[in-house]
Structures are given as structure tokens and as C-alpha cells.
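Enquirer: I'd like to ask you about the structure that follows.
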Amino acid sequence: MTTLTNRPNTALLVIDVQNGVVNHAHNRDAVVANVATLVDKARAAGVDVVWVQHSNAQHMPKESDGWQFVPELKVAEGEAVVHKTYADSFEDTDLEEVLAGKGVGSLVVSGAQTDECIRSTLHGAITRGYDALLVSDAHTTEDLSEYGAPTPDKVVAHTNLYWENHTAPGRTAGVVTTEDAFKPA
8 MTTLTNRPNT
18 ALLVIDVQNG
28 VVNHAHNRDA
38 VVANVATLVD
48 KARAAGVDVV
58 WVQHSNAQHM
68 PKESDGWQFV
78 PELKVAEGEA
88 VVHKTYADSF
98 EDTDLEEVLA
108 GKGVGSLVVS
118 GAQTDECIRS
128 TLHGAITRGY
138 DALLVSDAHT
148 TEDLSEYGAP
158 TPDKVVAHTN
168 LYWENHTAPG
178 RTAGVVTTED
188 AFKPA
């Protein structure tokens with residue numbers, strides 16, 4: 008269980024599911040559909056949805072088309088949107104304050120890109136005391152194999168494999184599928 012005191016709640020993090028991030032991502036449509044399902048399931052279960060939105064002055068400036076969340080996903084009134092400029096969603100953002108205000112000590116993580124912002128945020132969460140579950144079929148990345156990276160399917164599979172077996176003192180990690188997320192205990 009989380010090492011954070013008086014933080015019994017869970018939140019769904021939707022990281023960078025933005026036009027400029029996922030338009031050419033591996034299995035884009037299936038992943039976005041799974042994220043939409045997760046959002047619906049979280050809302051129905053009374054779980055907070057926290058949206059993370061990346062910006063970059065050169066490639067994805069605020070208010071640009073690329074900066075916008077994909078049209079299939081809609082932020083509901085009252086849901087927090089955290090703006091970031093670094094891979095780890097906690098770095099130089101108000102994410103910790105948002106989560107503390109909601110009593111959140113456990114995160115369910117979805118979004119993009121697997122090999123950058125997803126991994127960085129998972130590790131950032133665990134090191135800060137959070138439990139962190141990765142939704143195995145609700146994260147993706149672009150193909151960077153021309154630069155020496157594995158193909159996107161292998162990046163996703165490897166991240167699922169190592170996060171499923173990740174541990175830290177007093178905290179839990181692991182993976183869950185979209186289908187199994189937010190099922191009553």
C-alpha cells in the first residue's frame with residue numbers, strides 16, 4: 008500500500024493523449040478507445056480522473072492543434088488538468104498538490120508516450136510514495152526504431168513486463184488491463 012499518510016483514494020492519470028503526441032502512435036485508435044473506456048469506468052466508480060497535458064515551445068506550443076487532447080476524449084467539468092513541460096508528470100507541476108487535495112495515494116496510469124512520459128511518471132510516482140498501476144493496453148508510443156529504439160510493440164511489451172514485476176518498499180506496482188481496471192473489490 009502507498010506510503011503516503013491519509014491518502015486512501017485512487018486516481019486515473021491520462022497522460023498526454025494529445026493530437027501532437029498520439030496521431031502517429033502505435034495502435035492509436037485502440038489505445039485511445041481503451042483510454043476513453045477507462046475514463047468512463049473511473050467516473051462511474053467515483054474515481055478522480057486527472058488529465059496531464061504536455062507543451063513544448065518548439066514542437067507543441069500551448070493552444071496549438073497538436074497541444075489539444077484528441078477529439079475522442081473530453082475533460083469533464085471539475086476534473087483537474089495538469090500542465091507539464093518535462094517527461095515526469097510530477098516535475099515542475101502541481102500534480103502532487105492536486106493528488107494530495109483529493110487524498111490520492113494510488114494511481115492508475117494510461118496515455119503516451121510509453122518510453123518517455125509514461126515510464127518517467129511511473130517511476131516518479133513510486134519514488135514519491137504512490138502505488139502505481141500501468142494499464143497494459145492503454146499506453147502507446149511512436150516508432151523510433153530508425154534511431155535504434157525497439158519497435159513500438161516491443162517498447163509497450165517490455166514496459167508492461169518490467170512494470171508488472173516492479174517493487175518498492177511499502178508500495179505496489181503492477182499492470183492491469185482496461186477490462187479489469189476499476190472492478191469492485
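Add 7 to a position in the sequence shown, counting from 1, and you land on the number used in my numbering.
The beta-carbon is built from N, C-alpha and C at its ideal position, and this holds for glycine as well.
Since we're looking at a predicted model, the values are computed, not measured.
1) Are the beta-carbon atoms belonging to Ile133 and Arg178 less than 8 Å from one another?
2) Val202: buried (16+ other C-beta within 10 angstroms of its C-beta) or exposed?
3) For the stretch 98-172, list the alpha helix (DSSP H) runs that are entirely contained and at least 4 residues long, ordered along the chain.
4) Among Ala175, Gly110, Glu153, Val59, which one has its Cα closest to the Cα of Gln120?
5) Since I believe Gly131 is in contact with Val21 (beta carbons under 8 Å), could you give me their beta-carbon distance rounded to a whole number of angstroms?
6) For Gln65, list the residues DSSP reports as bridge partners.
7) Cα separation between Val82 and Leu106?
8) Please list the terminal residues of the continuous alpha helix (DSSP H) segment that includes Lys48.
9) Contact check, Val116 vs Thr184 under 8 Å by CB: the rounded distance?
10) Could you work out which residue in Asp160, His31, Lys91, Leu168 is closest to Leu140 when comparing CA atoms only?
11) Would you say the stretch 11-28 touches the stretch 69-82, given that touching needs at least three Cβ pairs under 8 Å?
Expert: Judging by the given coordinates:
1) yes
2) As shown, the chain starts at 8 and ends at 192. That puts residue 202 outside it, with no answer to give.
3) Within the stretch 98-172, the runs of alpha helix (DSSP H) that reach at least 4 residues and sit entirely inside it are, in chain order, 102-108, 126-134, 159-171.
4) Residue Val59 is the option with its Cα nearest to Gln120.
5) Rounded, the Cβ-Cβ distance is 16 Å, inconsistent with contact.
6) Partner(s): none; Gln65 has no beta bridge.
7) Distance between the alpha carbons of Val82 and Leu106: 17 Å.
8) 35-51
9) The pair is not a contact, with the Cβ atoms about 13 Å apart (cut-off 8 Å).
10) Leu168
11) Touching, yes.
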